[in-house]
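Here's the structure, in structure tokens; my notes come after.
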Amino acid sequence: MSSIPVITIDGPSGAGKGTVARQLASELGYHLLDSGAVYRAAALHALHCNADLDDERSVMNALASMHARFEPHPDGVQVWLGDKNVTPDLRLETTGNAASKVALMRRVRESVLDEQRSFRQAPGLVADGRDMGTIVFPDAQLKVFLSASREVRAKRRAKQLKDKGIEVIISDLLQEIGARDERDSSREHSPLVAAHDALIIDSSELSIGAVVEQILSALPREVTAG
Ligand code: C5P
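Here this note's numbering is used: the first residue of the sequence shown is 1449, the next is one more, and so on.
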């Protein structure tokens, strides 16, 4: 078991995990793991290889030739596949949906475990995703489960995409978010569930700053004492 502190933030898409995790990591001077980006990169590479996203063997064959690099950046992680910066493609809804398909596969999940755990470096890590507290870092010093109503999440996602110049129709987004929630929560391997010892925060009515405050005040003393 590592003594390097980890704070995990799990929850459904659009709950604000990424922004909260970034702000928290910056306040604490910790490293950041955006585990969704790992699944998105895997899905994108599989798509580039024309893999069948419903076939585990086809996806695993494609992943054998993947060379992904994750570089920290103030706006979120920058991701490279080989020598190509694929960050803009990574954020597309189509990539998110493809990611949630390959994330169903046990062998895919196992193949990215070491990569994710390698982000645990001093002085500490903030990791966001779906199974950070349950599977990847079960010994985390603080586990948070961040949720929000589906409508609020759809509106936030639409704004995020609009800021990037991508126009979406809210009703389509609601439907996609619903389908993704269902897939993430009902899958056999590492389903989206709150860890039994997680602090549960509903961010529907809270600002990002208020969520970060709640998390900072819940940090165990061993972490805050550095
Ligand atoms: O968080 P983000 O929307 O980038 O994640 C994309 C997809 O990757 C999720 O819908 C989920 O299916 C998958 N994922 C996962 N486990 C994680 C992070 C993401 O299964 N820890």
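Glycine included, each C-beta is placed from N, C-alpha and C at the ideal position.
Small disclaimer: the values here were computed from a predicted structure and weren't measured.
Beta-carbon proximity of LEU1480 to ILE1455, cut-off 8 angstroms: Judged by their CB atoms, LEU1480 and ILE1455 are not nearer to each other than the 8 angstroms cut-off.
ARG1598 vs ASP1458 beta-carbon contact at 8 angstroms: In this structure, ASP1458 does not lie closer than 8 angstroms to ARG1598 by Cβ.
Ranges of the alpha helix (DSSP H) found wholly within the segment 1593-1637, counting only runs of at least 4: If you keep only unbroken alpha helix (DSSP H) runs of at least 4 residues inside the segment 1593-1637, you get 1598-1611, 1618-1634.
Residues of its chain near ALA1643, where Cβ-Cβ distance is below 6 angstroms and the 5 sequence neighbours each way are ignored: Here ALA1643 has GLY1581, THR1582, LYS1591 as same chain residues with Cβ atoms under 6 angstroms from its own Cβ, once five neighbours each way along the sequence are excluded.
ASP1537, DSSP secondary structure in three states: It is helical.
Cβ neighbours of LEU1538 in the same chain (closer than 7 angstroms, five flanking residues each side left out): Around LEU1538: ALA1485, ARG1488, ALA1489, LEU1492, VAL1527.
Rounded Cβ spacing between ALA1596 and GLY1464 (contact assumed at less than 8 angstroms): In this structure ALA1596 touches GLY1464 by the C-beta definition: roughly 7 angstroms separates them, less than 8 angstroms.
Strand pairing of GLU1475, partner residues [DSSP]: Answer by DSSP bridge pairing: none, since GLU1475 is not bridged.
Candidates PHE1593, SER1655, SER1474, GLN1589, of which the one nearest ARG1669 by Cα: Comparing Cα-Cα distances from ARG1669 to each of PHE1593, SER1655, SER1474, GLN1589, the minimum goes to GLN1589.
7 angstroms CB neighbourhood of GLU1563 in its chain, flanking five on each side removed: Cβ within range, chain order: VAL1486.
Span of the beta strand (DSSP E), counted from its first residue to its last, around ILE1663: Where ILE1663 is concerned, there is no enclosing beta strand (DSSP E), although the alpha helix (DSSP H) around it starts and stops at 1656-1666.
Own chain, CB closer than 7 angstroms to ASP1503, minus 5 neighbours either side, in chain order: None.
Closest by C-alpha distance to MET1553, when choosing among VAL1574, GLY1572, GLU1636: Among VAL1574, GLY1572, GLU1636, the Cα nearest to that of MET1553 belongs to GLU1636.
Bridge partner(s) assigned by DSSP for ARG1517: Under the DSSP definition of a beta bridge, ARG1517 partners with TRP1528.
Other residues of its chain near ASP1500: CB distance less than 6 angstroms, five sequence neighbours each side excluded: If we look at ASP1500 and ignore the five residues flanking it on each side, its Cβ neighbours are SER1506.
Sequence ranges, alpha helix (DSSP H) only - wholly within the segment 1540-1593, length at least 4: As far as the segment 1540-1593 is concerned, its whole alpha helix (DSSP H) runs of at least 4 residues are 1541-1550, 1554-1559, 1561-1565.
Segment contact flag, the segment 1513-1525 with the segment 1607-1621, C-beta cutoff 8 angstroms, min 3 pairs: No contact exists between the segment 1513-1525 and the segment 1607-1621.
ILE1649 vs GLY1572 beta-carbon contact at 8 angstroms: Not closer than 8 angstroms, so no.
Where the alpha helix (DSSP H) containing LEU1501 begins and where it ends: Unbroken run through LEU1501: none, as it is neither H nor E.
Proximity test, MET1580 beta-carbon vs the ligand C5P heavy atom, cut-off 7 angstroms: Yes.
ALA1643 Cβ short of 7 angstroms to the ligand C5P heavy atom set: For ALA1643, the distance from the CB to the nearest heavy atom of the ligand C5P is not below 7 angstroms.
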